[in-house]
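Below is one structure, written out as structure tokens, with a few remarks after it.
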Amino acid sequence: MSRADLADRASELRRTRTPFVHATVVRAAHPTSAHAGDAALIHADGSIEGFVGGTCAEASVRAQALGVLLSGEPLLLRIRPDAATTPDEPGAVTVTNPCLSGGTLEIFLEPHRPAPRVVVVGSTPVARALAALGGPLGLHVELTDGDSTRPDPEDAALIVASHGRAEEPALEAALRAGVPYVGLVASRTRGSAVLAGLDVSEADRSRVHSPAGLDLGARTAGEIALSILAEMVTERAATVPTPVGVEPLTALDPVCGMTVGVSDSTLQAAYGGHTVHFCCEHCRTAFVAEPARFAG
């Protein structure tokens, strides 16, 4: 895959809000098959597009990239064939990969996670102001009508700013989906009437912010939108963030002793009712030939 193709693929993943890690070789000390500038994309399922080294290097990259995708923090990965002599430091980790051909690699892992999605129901001035202000805050704001609203548990918020149009269905859908922030733009009196008509539990009903937004004395559409986003930020800051995906599984290659990330892309073999994982085909072949030697 050429660099241009890889860049196009990365753009496509960002457009479809698909999380991935961009890995770039920043230093290669030969002998090694990778060169500075080589790059790859690592997906949440552990699959890799592109090239940052052979199967041995890929195993180390996969294991670290899955952790990077979970944390959202970039990482400089140093891969050495012998015992690491460089101490780990913030933002960098050194791993020993005895299967390498003898060279060393330094690979920068950059996570790309979709911006938190905020669904705004309505086309009112407040709705448009929310869309305009959300982008600079790192939010992906989608304007929709109530009938086509499809909230997701991973959404950051759903805000109804439709002034009476399709309010109840959108609010009920967001509450049932478990969206963390649900807001209704309405006066206190009308908001109470809307909430009373929702077909949800009292616990869910109490989760709706109505009137939505902090009491900043807002009057204009922009000021109201600002107060709502400020309330959202306050709520999110008080909540323990939910990581993207699940904690990556790792396993020990019984042949070389290397830690590998466990995914559908990881080489494996069955032995004694268990699945054994490997960093490369060489280790897998050695194990299959003499499983008792390595399984103990």
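Numbered by the working numbering, the letters in the sequence shown go through residues 17 to 312 in order.
By construction, the Cβ of each residue, glycine as well, lies at the ideal position given by its N, Cα and C atoms.
Give me the DSSP bridge partner(s) of residue i.
i	result
A241	In DSSP, A241 forms no bridge with anything.
T165	Beta-bridge pairing links T165 to no other residue.
T275	L268
E247	E247 is not bridged to any residue.
A20	In the DSSP output, where bridge partners are listed per residue, A20 has none listed.
H290	Y287
E122	R43 and R94
P307	Answer is none; P307 lacks a bridge partner.
Would you decide whether residue i is buried or exposed? Buried here means 16 or more other CB atoms lie within 10 Å of its CB.
i	result
G288	exposed
L174	buried
R31	exposed
T160	buried
D104	exposed
T255	exposed
T120	buried
H225	buried
L232	exposed
S326	Given that the chain is displayed from residue 17 to residue 312, the structure contains no residue 326 and the question cannot be resolved.
T48	buried
G88	exposed
M17	exposed
G53	exposed
R11	The first residue shown for the chain is 17 and the last is 312, placing residue 11 beyond what the model contains.
D21	exposed
D163	exposed
Excluding the five sequence neighbours on either side, which residues of its own chain have a C-beta within less than 6 Å of the C-beta of residue i, listed in chain order?
i	result
A302	V271
In chain order, what residues of the same chain lie with their CB nearer than 8 Å to the CB of residue i, ignoring the 5 residues before and after it?
i	result
D61	S279, D280 and S281
L188	Note that residue 188 is Glu in the sequence shown, not Leu. Within the same chain, E188 has close Cβ partners L214, D215 and V216.
S63	S279, D280 and S281
Suppose the cutoff is 7 Å on Cβ atoms and the five residues either side in sequence are ignored; what does the same chain contact list for residue i look like?
i	result
L92	G107, A108, E122 and F124
A190	P167, L174 and V198
T275	A79, T266 and L268
A311	P270, Y287 and G288
H51	V41 and A44
P307	Y287
A131	G154, L155 and H156
Check: Residue ranges of each alpha helix (DSSP H) run of no fewer than 4 residues wholly in the region 169-227, ordered along the chain?
Finding: 183-193, 204-212 and 218-221
Margin query: Under 8 Å: do the region 288-303 and the region 109-124 share three or more Cβ pairs, one atom per stretch?
Written below: yes
Notebook entry, point to check: Touching or not, the region 150-162 and the region 59-74, by the rule of three or more beta carbon pairs under 8 Å?
Noted result: Result no; under three Cβ-Cβ pairs closer than 8 Å.
Item checked: alpha helix (DSSP H) runs wholly inside the region 84-120, at least 4 long, in chain order -> none
Next item on the list: Any chance you could list the alpha helix (DSSP H) runs of at least 4 consecutive residues sitting entirely within the region 129-161, in chain order?
Entry: Entirely contained in the region 129-161, the alpha helix (DSSP H) runs reaching 4 residues are, in chain order, 141-150.
Note to self: Assess contact between the region 39-59 and the region 227-246, defined as three or more Cβ pairs (one per stretch) separated by less than 8 Å. Is contact present?
What the structure shows: Touching, no, given that fewer than three Cβ pairs across the two stretches are closer than 8 Å.
Next item on the list: Output the residue ranges of the beta strand (DSSP E) runs that lie fully inside the region 22-87 and measure 3 residues or longer, sorted by chain position.
Entry: Runs of the beta strand (DSSP E) inside the region 22-87: 36-45, 55-59 and 64-66.
Notebook entry, point to check: Looking at C-beta atoms only, is the number of pairs between the region 129-138 and the region 175-186 that lie closer than 8 Å three or more?
Noted result: yes
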